[in-house]
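A quick write-up on the structure given underneath.
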Amino acid sequence: MMLKKISINIAALLFAAITFSFIIVFVNSFNQKLVEYKYIEDDSKSINYIPTITDQHNAIDFLKEKSLEYGFKHNHVILFGSSELTNRTHKFIPYDFLTKNLNIPTIGIGKAHFELLAIYGYLSAYQEYLNKDSRIVIILSPGWFEKTDLLPQAYNSHFPSYIANKLANDESAKNIFSNYLNENQDNFENLNATQLKLIHKDNIIASSVTNILNYIAEARVNIKNIITDNHEIKADNIYVLHEGPLMKKQFQIANTEVQWLDLANDAKNIELKNMSKETQWVNKKYYEKYVKDKKSKKAFPNGIKYSKEMNAFDNILNLLTKYNVDALFIMQPLNPYVYTDTNDFKLVENIISEKIKSHGMGYLNLIEEQYQPGVLTDIMHMGEYGWLLTDKAIVEHFAK
Numbered sequence: 021m022m023l024k025k026i027s028i029n030i031a032a033l034l035f036a037a038i039t040f041s042f043i044i045v046f047v048n049s050f051n052q053k054l055v056e057y058k059y060i061e062d063d064s065k066s067i068n069y070i071p072t073i074t075d076q077h078n079a080i081d082f083l084k085e086k087s088l089e090y091g092f093k094h095n096h097v098i099l100f101g102s103s104e105l106t107n108r109t110h111k112f113i114p115y116d117f118l119t120k121n122l123n124i125p126t127i128g129i130g131k132a133h134f135e136l137l138a139i140y141g142y143l144s145a146y147q148e149y150l151n152k153d154s155r156i157v158i159i160l161s162p163g164w165f166e167k168t169d170l171l172p173q174a175y176n177s178h179f180p181s182y183i184a185n186k187l188a189n190d191e192s193a194k195n196i197f198s199n200y201l202n203e204n205q206d207n208f209e210n211l212n213a214t215q216l217k218l219i220h221k222d223n224i225i226a227s228s229v230t231n232i233l234n235y236i237a238e239a240r241v242n243i244k245n246i247i248t249d250n251h252e253i254k255a256d257n258i259y260v261l262h263e264g265p266l267m268k269k270q271f272q273i274a275n276t277e278v279q280w281l282d283l284a285n286d287a288k289n290i291e292l293k294n295m296s297k298e299t300q301w302v303n304k305k306y307y308e309k310y311v312k313d314k315k316s317k318k319a320f321p322n323g324i325k326y327s328k329e330m331n332a333f334d335n336i337l338n339l340l341t342k343y344n345v346d347a348l349f350i351m352q353p354l355n356p357y358v359y360t361d362t363n364d365f366k367l368v369e370n371i372i373s374e375k376i377k378s379h380g381m382g383y384l385n386l387i388e389e390q391y392q393p394g395v396l397t398d399i400m401h402m403g404e405y406g407w408l409l410t411d412k413a414i415v416e417h418f419a420k
C-alpha cells in the first residue's frame with residue numbers, strides 16, 4: 021500500500037515536471053518567434069509613441085515591446101518623457117517630426133507619472149543594447165521633484181512581469197526595485213508574483229515559487245493569444261520605423277540641410293496664435309479652464325523634496341556612463357507668467373546641471389534662458405516652439 025502511494029506521488033511529480041518543462045519551452049519558443057520584423061515604406065502602421073508597454077489589463081503588449089526592443093537594438097532615438105508626450109497633435113513633437121520629416125526614427129515612451137525611477141527601470145531592462153552609439157533622450161520635468169516616488173498604479177502600468185523579470189536578473193536594478201516595493205507594498209492592492217519575487221529577493225524558496233508562477237502566467241497569455249488568433253502579436257505584423265541601424269550620417273545631413281530658423285518662426289506662430297499676454301501665455305482653452313480664476317499659483321506649495329528623485333537620476337547617469345552612452349537631457353521649464361515661485365527650483369536645477377556636466381552628457385536647459393512664450397503650451401507642457409528646440413538639440417547632439 022505504501023509503495024503504491026509512493027509510486028503515485030512520484031508519477032504526479034514527474035507529470036508536473038514534464039508539464040512545467042513544456043510550459044518553459046513553449047514560452048521561450050513563442051517569444052523567439054516575435055523577434056522577426058517587417059519594414060514598410062509607409063510607417064502608418066508602425067509604433068513611434070508608446071504611452072505604456074502594457075495593454076488595458078496591465079499585461080505585456082508584445083507589439084509595443086518588440087517595437088521598442090528594435091529601436092534600442094538599432095540605435096534609434098529613444099525619447100523618454102511624461103505627460104508632455106501624450107499630445108500627439110503637435111506638429112514638431114520629436115517622435116513624429118524627426119521620424120517622418122527627417123528620416124530619423126524616434127520612439128517616444130512615457131505618459132503621466134512616468135518619472136525617473138521608471139526611466140531607470142527601462143534603461144536597465146534593455147541595457148544589453150546600450151552602447152556608445154545609443155541615442156537616449158530624457159525630458160526632465162521640475163514637477164517630478166516636488167514629491168517623489170513612482171506611484172503604484174504607474175508601476176503596474178509600466179512594469180509587467182516580462183519587464184520586471186529583466187530587472188530581477190540584474191543585481192543593481194533588483195536591489196533598487198526591491199527597496200521601492202518594500203517601502204510601498206502597502207500601497208499596492210494586490211502584489212503579483214514578480215513583485216513578490218523582488219520583495220523577497222534573498223529568499224530562495226519564495227523566488228523559486230514566483231518563477232514558476234511567472235512562467236505559468238506568461239504561458240496562459242500566450243496560449244490565449246494563439247487560441248483567439250490574435251494577429252496583433254504575430255511576427256509578420258510587427259512593423260518597424262527604419263530598416264537597419266540608424267547611422268550618424270542621417271543626423272549630420274539634417275543638421276546641415278534643415279532651415280531651423282524658418283521652422284522656429286513657424287513653431288512660434290502656431291503656438292502664439294492661441295495665446296497672449298492676457299492669457300498669461302497659456303493657450304486660451306487651458307487658460308479658461310484651469311488658470312483664469314486663480315489669482316496666484318505655486319508650483320511647489322509644499323516645498324521641494326528631491327532626494328529620492330535625485331537618487332534615481334544618479335542611477336540613470338551611472339548606468340548610461342557604464343555603457344559609454346552620450347545621452348541628451350532636456351529640462352522643461354515652468355511658466356513664470358502663471359507660477360510665482362519658479363525661482364525656488366533654481367537650486368535643484370543647478371545640481372542637475374552639474375551632474376550632467378560631470379558625466380559629459382548633453383543638456384538643453386530651457387529654464388536657463390529667459391522664458392519665451394510658445395516654449396510651453398500651458399503651464400508646464402511643451403508647446404510647438406519647445407518641441408522645435410528639442411528637435412534641433414537632438415539633431416545637433418547626435419550629429420557630433
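For the record, in the sequence shown the residue sitting at position 38 is 58 according to the numbering used here, with numbers rising by one throughout. Beta carbons: idealized from backbone N, C-alpha and C, even for Gly.
Taking the alpha-carbon positions, what's the residue i to residue j distance?
| i | j | result |
| --- | --- | --- |
| Ala419 | Met402 | 24 Å |
| Phe333 | Glu85 | 24 Å |
| Asn207 | Leu170 | 11 Å |
| Asn189 | Tyr142 | 13 Å |
| Ser198 | Leu281 | 48 Å |
| Asn123 | Asp313 | 44 Å |
| Glu166 | Ile98 | 26 Å |
| Lys288 | Lys304 | 15 Å |
| Arg155 | Ala193 | 21 Å |
| Lys342 | Leu348 | 16 Å |
| Ile80 | Tyr140 | 18 Å |
| Tyr120 | Thr362 | Note that residue 120 is Lys in the sequence shown, not Tyr. Taking the straight line from one Cα to the other gives about 35 Å. |
| Asn162 | Thr360 | The question names Asn, but residue 162 in the sequence shown is Pro. Rounded to the nearest angstrom, the two C-alpha atoms are 14 Å apart. |
| Phe100 | Asn204 | 24 Å |
| Gln147 | Val345 | 11 Å |
| Phe271 | Asp286 | 21 Å |
Let me make sure I understand the geometry here. Which of the options has the alpha-carbon closest to that of residue i?
| i | options | result |
| --- | --- | --- |
| Asp364 | Ile376, Lys328, His262, Phe320 | Phe320 |
| Thr106 | Pro265, Trp407, Met381, Phe271 | Trp407 |
| Asn385 | Lys375, His379, Glu369 | Glu369 |
| Met267 | Lys167, Lys111, Pro125, Ala284 | Pro125 |
| Lys315 | Val358, Tyr343, Ile156 | Val358 |
| Ile183 | Ile73, Ile113, Lys297 | Ile73 |
| Ile67 | Gln76, Leu88, Asn78, His77 | Leu88 |
| Val311 | Phe82, Gly323, Ala132, Met400 | Met400 |
| Ile372 | Asn285, Leu409, Ile158, Gly323 | Ile158 |
| Leu283 | Asn202, Tyr90, Leu150, Ile113 | Ile113 |
| His133 | Tyr115, Leu118, Ala145, Ser103 | Ser103 |
| Pro71 | Gly91, His178, Asn344, Asn121 | His178 |
| Tyr20 | Val415, Gln300, Tyr175, His379 | In this structure the chain extends from 21 to 420, so residue 20 is not present and cannot be described. |
| Lys111 | Phe271, Ile290, Gly380 | Ile290 |
| Trp164 | Gln173, Leu136, Pro172 | Leu136 |
| Glu191 | Leu292, Leu339, Gly382 | Leu339 |
| Ile324 | Tyr306, Asn331, Leu367 | Leu367 |
| Gly394 | Ala174, Lys297, Ile273 | Lys297 |
| Ala145 | Gln76, Gln173, Phe92, Asp153 | Phe92 |
| Tyr69 | Gln173, Thr109, Val302, Ile219 | Thr109 |
| Ser378 | Leu337, Tyr200, Gln76, Val302 | Leu337 |
| Tyr149 | Tyr90, Ala174, Pro180 | Tyr90 |
| Met351 | Asn335, Asn331, Ile376 | Ile376 |
Put residue i into one of helix, strand or coil per three-state DSSP.
| i | result |
| --- | --- |
| Met400 | coil |
| Met330 | helix |
| Thr109 | coil |
| Ile98 | strand |
| Thr126 | strand |
| Leu348 | strand |
| Gly141 | helix |
| Thr410 | helix |
| Tyr383 | strand |
| His417 | helix |
| Tyr343 | coil |
| Tyr391 | coil |
| Asp249 | Only weak support exists for where Asp249 lies, its pLDDT of 46 falling under 50; the coordinates are left without a value. |
| Tyr146 | coil |
Which term fits residue i, buried or exposed, when burial requires 16 or more other beta carbons within 10 angstroms of its beta carbon?
| i | result |
| --- | --- |
| Asp411 | buried |
| Lys328 | buried |
| Lys131 | buried |
| Thr397 | buried |
| Glu308 | exposed |
| Lys186 | buried |
| Ala413 | buried |
| Glu388 | exposed |
| Lys217 | buried |
| Leu409 | buried |
| Asn95 | buried |
The ligand GTP and residue i: does any heavy atom of the ligand fall closer than 7 Å to the residue's C-beta?
| i | result |
| --- | --- |
| Phe320 | Questions concerning the ligand GTP fall outside what the structure shown contains, since it holds no ligand whatsoever. |
List the residues that DSSP assigns as beta-bridge partners of residue i.
| i | result |
| --- | --- |
| Thr74 | Ile80 |
| Val157 | Leu99, Leu348 |
| Lys317 | Tyr359 |
| Tyr90 | According to DSSP, Tyr90 bridges with nothing at all. |
| Tyr69 | Gly128 |
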